[in-house]
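*Asks:*
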Amino acid sequence: MRRRSFLCTAAGLGIAPEFQNVSADEPPAVHVVHGGEDRFGHPHSLGFSSLTFKIGTAETAGGLFIIEHRNLLHGGPPLHVHFNQEEWFYVMEGEVAFQVGDERLRLRPGESVLAPRRVPHTFCPVAEGPSHMLIAFCPAGKMEQYFRDMEGPNPPLDAQSWRRYEMELIGPNPLVKVR
Numbered sequence: 558m559r560r561r562s563f564l565c566t567a568a569g570l571g572i573a574p575e576f577q578n579v580s581a582d583e584p585p586a587v588h589v590v591h592g593g594e595d596r597f598g599h600p601h602s603l604g605f606s607s608l609t610f611k612i613g614t615a616e617t618a619g620g621l622f623i624i625e626h627r628n629l630l631h632g633g634p635p636l637h638v639h640f641n642q643e644e645w646f647y648v649m650e651g652e653v654a655f656q657v658g659d660e661r662l663r664l665r666p667g668e669s670v671l672a673p674r675r676v677p678h679t680f681c682p683v684a685e686g687p688s689h690m691l692i693a694f695c696p697a698g699k700m701e702q703y704f705r706d707m708e709g710p711n712p713p714l715d716a717q718s719w720r721r722y723e724m725e726l727i728g729p730n731p732l733v734k735v736r
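Note that the working numbering has the sequence shown beginning at 558, numbered continuously upward.
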């Protein structure tokens, strides 16, 4: 899926479900999530960054889930595959190395990359200071629950745990040594 198609689809999914079951008398609720805040009032952590949920899965009938990674330090998730989600990364600050399939990239602020479903991918911040990214999952699938369940400095990295969230753990992050 091309990035433009993904963004159009994601934007449409983020709006359309809100209006499908709403009567003319009852407009959908508007939720503003301020900078640095979590949509549900509870920031999260995976040990290598601080996470805030910006758009929850239920708000888009499962069509989209968006998180913000702040204070990304050197490290990152293991190399993995999503069976049913595209994952879009947008670098806001710092520099982040990515592996998507066999391609290795280094992105700076304002740059983005799409990891298509069923393509192995991972990332690792490589800037001197912390990095900052937005990440969108389309459709949302079980990703919100994954981040809720895996919170903490040492999340389970066994293949069976990842399969519960419709992902396959491929192996360690090959970018962690890249600086």
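Using N, Cα and C, we set each Cβ at its ideal position, and we do this for glycine too. If you're wondering where the values come from, they're calculated on a predicted model, not measured in any experiment.
State the beta-bridge partners of S688 as determined by DSSP.
*Replies:* L629.
*Asks:* Return yes when the Cβ of S602 is within less than 8 Å of the Cβ of R627, no when it is not.
*Replies:* Their beta carbons are not under 8 Å apart, which means R627 does not touch S602 by this criterion.
*Asks:* I'd like to know if the segment 720 to 731 and the segment 635 to 643 are in contact, where contact means that at least 3 CB-CB pairs between them fall below 8 Å.
*Replies:* Yes, the segment 720 to 731 is in contact with the segment 635 to 643.
*Asks:* Just tell me which of P687, F646, E652 has its CA closest to the CA of P673.
*Replies:* Nearest C-alpha to P673: F646.
*Asks:* For T609, list the residues DSSP reports as bridge partners.
*Replies:* BP columns for T609 point to E625.
*Asks:* Check each candidate in G592, F704, L714, R663 and name the one with the smallest Cα separation from T614.
*Replies:* Nearest C-alpha to T614: F704.
*Asks:* Give me, in chain order, the residues of the same chain whose beta-carbon lies closer than 7 Å to that of G619; leave out the 5 immediate sequence neighbours on both sides.
*Replies:* Around G619: P696, A697.
*Asks:* If you drop the 5 nearest sequence neighbours on each side, which residues of the same chain put their C-beta closer than 8 Å to that of G658?
*Replies:* Answer for G658: V676, P677, H678, listed in chain order.
*Asks:* Apart from the five residues just before and just after R663, which ones in its own chain have a Cβ nearer than 8 Å to its Cβ?
*Replies:* Within the same chain, R663 has close Cβ partners E652, V653, A654, F655, V683.
*Asks:* Taking the C-alpha atoms as reference points, what is the distance between V737 and Q717?
*Replies:* Past the boundaries of the shown model lies residue 737; the chain is included only from 558 to 736, so the question cannot be answered.
*Asks:* Which residue marks the beginning of the alpha helix (DSSP H) containing M649, and which one marks its end?
*Replies:* Looking at the DSSP string, M649 is not in any alpha helix (DSSP H); the run it does join, the beta strand (DSSP E), is 643 to 650.
*Asks:* For L662, list the residues DSSP reports as bridge partners.
*Replies:* DSSP, once it has assigned bridges, lists F655 as partnering L662.
*Asks:* Quick one: what's got a C-beta closer than 8 Å to M724's C-beta in the same chain, skipping five residues either side?
*Replies:* Hits under 8 Å: H637, V638, H639, F640, Y703.
*Asks:* When the distance is taken between beta carbons, is V648 closer than 8 Å to M690?
*Replies:* Against a cut-off of 8 Å, the Cβ pair of V648 and M690 comes out as a contact.
*Asks:* Taking the straight line between their C-alpha atoms, what separation do you get for I623 and I692?
*Replies:* Distance between the alpha carbons of I623 and I692 is about 6 Å.
*Asks:* Expressed to the nearest angstrom, what Euclidean distance is found between the alpha-carbon atoms of Y722 and K699?
*Replies:* If I take the Cα positions, the gap works out to 5 Å.
*Asks:* According to DSSP, is F704 helix, strand or coil?
*Replies:* In the structure shown, F704 sits in a helix (DSSP, three-state: H, G or I).
*Asks:* What three-state label does DSSP hand E616 in the structure shown?
*Replies:* In the structure shown, E616 sits in a helix (DSSP, three-state: H, G or I).
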